[in-house]
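Residue numbers (our numbering): 67 to 170. Cβ coordinates follow ideal geometry from the N, Cα and C atoms, glycine included. Please read these numbers as outputs of a predicted model, since none were measured by experiment.
Okay, structure coming up:
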């Protein structure tokens, strides 16, 4: 698969994650207002640099990673960035899915 198609797929993935993150952050905000959701960050021991109790900062980090991926000049750097990005996407997809199950 060529780089353009990979980037397009990641962009579509990010759009989906973004909408799910907004919904999840709304639930988190409601839980915090009720005295629930007392955790300090969503991910521990992850590839994410962000440390937050809502999803959008992690989505913003993924968007920044996408820009770095698009700006990769050589194939080796592209592949390295791609691997990190895919791992982060898997982490956030998994957490969003688990979060949705828990809040039903």
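Nearest-angstrom Cβ-Cβ length linking residue i and residue j, presumed shorter than 8 Å
| i | j | result |
| --- | --- | --- |
| residue 107 | residue 117 | 5 Å |
| residue 83 | residue 162 | 7 Å |
Proximity winner among the options, relative to residue i (alpha-carbon distances)
| i | options | result |
| --- | --- | --- |
| residue 160 | 138, 112, 98, 71 | 112 |
| residue 67 | 165, 139, 110, 148 | 148 |
| residue 76 | 156, 109, 91 | 156 |
| residue 151 | 170, 99, 131 | 131 |
| residue 165 | 141, 137, 142, 109 | 109 |
| residue 70 | 98, 97, 141 | 141 |
Contact under 8 Å by Cβ, residue i with residue j
| i | j | result |
| --- | --- | --- |
| residue 158 | residue 120 | no |
| residue 129 | residue 80 | yes |
Exercise. Between the segment 118-125 and the segment 86-97, do three or more beta carbon pairs fall short of 8 Å?
Worked result: yes
Exercise. With a cut-off of 8 Å, do at least 3 Cβ pairs link the segment 137-154 to the segment 90-107?
Worked result: no
Problem set entry | Those runs of the alpha helix (DSSP H) which lie wholly inside the segment 119-167 and span at least 4 residues | Considered as a whole, the segment 119-167 harbours 122-137 as its complete alpha helix (DSSP H) runs of no fewer than 4 residues, in chain order.
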